[in-house]
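S.K.:
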Amino acid sequence: MKAVSEQEIRASFVNCSKGEAKRLALPRGLADQRWDDLDFLGWRDPGAPDRGYLVTDLGGEVVGLALRVAARQRGHLHRGMCSVCLTTHPGSGVSLMTARRAGQAGRDSNSVGVYVCSDLACSLYVRGMKIPELGGRLEGSLTLEEQIDRTRARLSAFLDKVMA
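Put into structure tokens, the structure is as follows:
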């Protein structure tokens, strides 16, 4: 992913108002971010644990989504799989996150959801730069580049549902 500025991030959100985008908490360490390691920038709001944000490059355009985390907590014995990067996590390591749809559909309270790594660090899990607690990545025959392409395609499919 190419580096994006705070202003670009705030202007990128397609499913919240400009006022909401202006007030949202940006991730710490944005200036020191290693952009080459990311397929998307994802973060949770430390002041509002039920909120997350995702910003990515979609067809040369920076697109941001405001996400809500479902309230249901799972026990530590339960395992979940992220539908974006296919990493498995125990307990609450995978969360159902919903995004209001863009445009009139979102204003009519329509939303779509995705099971995703609770910390939104899918890019780092795929690249082996972050290891899930007691979880793991399924062994497969795909190269790292193919896994990255698959992760981007799954994320793009979710974005298409939000923007449709």
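Start counting at 1 in the sequence shown, then tack on 4, and there's your number in the working numbering. Yeah, the Cβ is synthetic: ideal placement off N, Cα and C, and Gly gets one too.
#1: Within 10 angstroms of the Cβ of residue 135, are there 16 or more other Cβ atoms? Answer buried if so, exposed if not.
#2: Mind reading off the beta-carbon distance from residue 49 to residue 75? Whole number of angstroms is fine, and I expect it under 8 Å.
#3: Pick helix, strand or coil for residue 8, following the three-state DSSP scheme.
#4: Enumerated in chain order, which unbroken segments of the alpha helix (DSSP H) with a length of 4 residues or greater are wholly contained in the region 90-150?
#5: For residue 60, which beta-bridge partners are listed by DSSP?
#6: Are the Cβ atoms of residue 97 and residue 117 separated by less than 8 Å?
#7: On the DSSP letters alone, give me the boundaries of the beta strand (DSSP E) that residue 38 sits inside.
#8: Residue 84 bridges to which residues according to DSSP?
#9: Going by other Cβ atoms of all chains shown within 10 Å of its Cβ, with 16 needed for buried, is residue 16 buried or exposed?
#10: Which residue marks the beginning of the alpha helix (DSSP H) containing residue 25, and which one marks its end?
#11: Using 10 angstroms around the beta-carbon of residue 43, count the other beta-carbons present and answer buried if the total reaches 16, otherwise exposed.
#12: Given a threshold of 16 other Cβ atoms within 10 Å of its Cβ, counted over all protein chains shown, does residue 82 qualify as buried or as exposed?
#13: Between which residues of its own chain and residue 7 is the CB-CB distance below 6 Å, once the five residues before and five after are set aside?
#14: With residue 158 and residue 87 assumed to form a contact (beta carbons below 8 Å), what rounded beta-carbon distance in angstroms separates them?
M.R.: In this structure, then:
#1: exposed
#2: Actually they are not in contact, since the Cβ atoms of residue 49 and residue 75 sit about 15 Å apart, beyond 8 Å.
#3: coil
#4: 108-111, 126-130
#5: 44, 67
#6: Cβ atoms of residue 97 and residue 117: not closer than 8 Å.
#7: Counting along the chain, residue 38 falls outside any beta strand (DSSP E), and DSSP gives it neither H nor E.
#8: 93
#9: If you draw a 10 Å sphere on the C-beta of residue 16, you find 16 or more other C-beta atoms in it, and that means buried.
#10: Annotation: the continuous alpha helix (DSSP H) that includes residue 25 extends over 22-27.
#11: buried
#12: exposed
#13: 39
#14: 7 Å
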